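Written out below as structure tokens is the structure these notes cover.
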Amino acid sequence: DALHEATAREEEPAGEEEPAGEVVPPSCPPGTVPWPGEACEPLRRAEASARAFLRANMFPFDAPNAATLFDDFSASTSSGVAQATASLALSARTRFGWAASVPRRLFEGYVLPYASVNEARTDWRQLLW
């Protein structure tokens, strides 16, 4: 019957292959970040790209607090939540092989942001790391 066939199809492995050009670099040297279909990116450039993305896509109601969210983004001792979140997200890309396979568009939209809508703008993610 149709229900049985649909259920059987759901249980089968997807068997999808990665699209051409979406191959993750086999290993990136220290100080670089892996991206599918791209060369390993130097960490400082990846951080600058993350900063630009976060600022460009900041929620309008975060604008009055931008100075504290992005406080000393380039400093290793930054107190801004955006820096801490971006550092953890980029560290995960280099530390875990599966994280390196997440496309840049998905990474920027769902991993990199320091908050989602009404989530607190605090540095809580380090507690889970």
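Read in order, the letters of the sequence shown correspond to residues 1 to 129 in the working numbering. By construction, the Cβ of each residue, glycine as well, lies at the ideal position given by its N, Cα and C atoms. Note that the structure is a prediction, hence the values are computed from the model and not measured.
Cβ-based burial, residue i [other Cβ within 10 Å; buried from 16]
i: E10; result: Residue placement at E10 cannot be trusted, given a pLDDT of 41 that sits under 50; what the coordinates show is reported in the next sentence. So E10 ends up on the exposed side.
i: V102; result: buried
i: Q131; result: With the chain represented from 1 up to 129, any question about residue 131 goes unanswered, as that position is not in the structure.
Residue i versus residue j: straight-line alpha-carbon distance, rounded
i: F53; j: W98; result: 22 Å
i: A115; j: T94; result: 22 Å
i: P29; j: C40; result: 8 Å
i: F96; j: L69; result: 27 Å
i: A100; j: P34; result: 6 Å
i: E119; j: P113; result: 11 Å
i: L128; j: A82; result: 16 Å
Counterpart residues of residue i in DSSP-defined beta bridges
i: P113; result: In the DSSP output, where bridge partners are listed per residue, P113 has none listed.
i: P42; result: T32
Check: residue i C-beta below 7 Å from any heavy atom of the ligand COA
i: P29; result: The ligand content of the structure shown is nil, which means the ligand COA is not present either.
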